[in-house]
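Read in order, the letters of the sequence shown correspond to residues 241 to 427 in our numbering.
Ideal Cβ placement from N, Cα and C applies to all residues, glycine included.
Just so it is clear, the structure is predicted and the values come from calculations on it, not from any experiment.
Taking it in order: structure first as C-alpha cells, then the write-up.
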Amino acid sequence: VSTHVKSLQSQLVRDLKDLQENLSIPFRFQQLKGVTNYICLRDLFFAYLDLLSQVEHAAGLLQRAGSPLYADFDELLCFFYLFSYATKPSSEGSFDELSYWFESNFPEFREIKSKINADYESCTKEKCTYFDHCFLYKARRLAMSADILVLNHALLLSKDWEKEDVPKFHRLIIDEAHNVEDVATSV
241 VSTHVKSLQS
251 QLVRDLKDLQ
261 ENLSIPFRFQ
271 QLKGVTNYIC
281 LRDLFFAYLD
291 LLSQVEHAAG
301 LLQRAGSPLY
311 ADFDELLCFF
321 YLFSYATKPS
331 SEGSFDELSY
341 WFESNFPEFR
351 EIKSKINADY
361 ESCTKEKCTY
371 FDHCFLYKAR
381 RLAMSADILV
391 LNHALLLSKD
401 WEKEDVPKFH
411 RLIIDEAHNV
421 EDVATSV
C-alpha cells in the first residue's frame with residue numbers, strides 16, 4: 241500500500257494493528273521508510289564520542305584559563321534521550337517515532353539528526369559492528385517476510401522492485417494516486 245504522506249502511513253499502520261488484533265486471519269505487515277528516516281547506531285555512537293572529545297578539549301582549555309567547566313548540557317541530554325530511545329525493544333529506530341516535545345525542546349537535535357541518519361554511501365552493512373541491531377536493515381528484513389507493505393510514493397518509485405534486494409509484491413494499492421505524477425517527476 242503506497243500513500244503520499246507519512247501521516248496516512250501512520251494511520252494505515254494503526255488500522256492494520258487493529259485488524260491484526262480483531263481478525264482471525266493471521267498476517268504480517270511492515271512499514272518501509274526511506275533510508276534517511278532511520279537512526280544509524282554507528283553514527284549515533286561516533287557523534288556522541290565526538291561531542292565528548294569536544295567537551296574534554298574545552299574543559300582542558302577552560303581549566304587552564306581558570307574558568308569553570310561548562311558542557312552543552314542540552315546537547316548531552318539530547319544524546320541520552322536518543323540512546324534511551326534506540327535501546328527500547330519496541331523502537332523501530334525511525335525519527336518519526338521521536339516525540340514532538342523532544343524535537344521542539346532540543347533545537348540542537350536538528351544538527352545531530354543530520355549526523356546520525358542512515359545513508360547507503362557510508363553504510364558498511366554486514367561489516368558494521370551494529371548490523372545485527374541496525375534499524376534500517378531490521379525494517380528491511382521484516383519487510384521481506386511481510387504480507388503487507390506500507391510505504392510512500394517516493395520510495396515506491398525510487399526502487400527497482402525487480403532487481404534490488406527488496407520485497408516482491410503481487411498487488412499494489414495506491415492511495416492518493418493523484419499525487420503519483422508529481423512524485424514521479426520529482427524523484
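Contact under 8 Å by Cβ, residue i with residue j
i	j	result
L389	P407	yes
C318	F335	no
L281	H373	yes
E343	F375	no
V420	I414	yes
L322	L263	no
Residue i classed as buried or exposed, judged by whether at least 16 other C-beta atoms fall within 10 angstroms
i	result
E315	buried
I352	buried
K273	buried
T369	exposed
F349	buried
I356	buried
L457	Only positions 241 to 427 of the chain appear in the structure, and residue 457 is not among them; the question remains open.
Opening and closing residue of the alpha helix (DSSP H) in which residue i lies
i	result
L248	246-262
V423	420-426
L322	313-326
H393	393-398
Y340	340-345
K355	349-356
When the options are compared against residue i, the one with the closest alpha-carbon
i	options	result
Y278	E421, V253, A424, Y360	Y360
A383	S344, F267, T327	F267
H418	A287, H393, R350	H393
A429	K367, Y377, L338	With the chain covering only 241 through 427, there is no way to say anything about residue 429.
Q271	E416, V241, D422	V241
A287	F320, L256, I265, E261	F320
C363	Y325, F313, T276	T276
Q249	I265, E261, Q260, F269	F269
Bridge partner(s) assigned by DSSP for residue i
i	result
F269	I388
Y278	S334
T235	Here the chain has residues from 241 to 427 only, and residue 235 is not among them.
I414	S242
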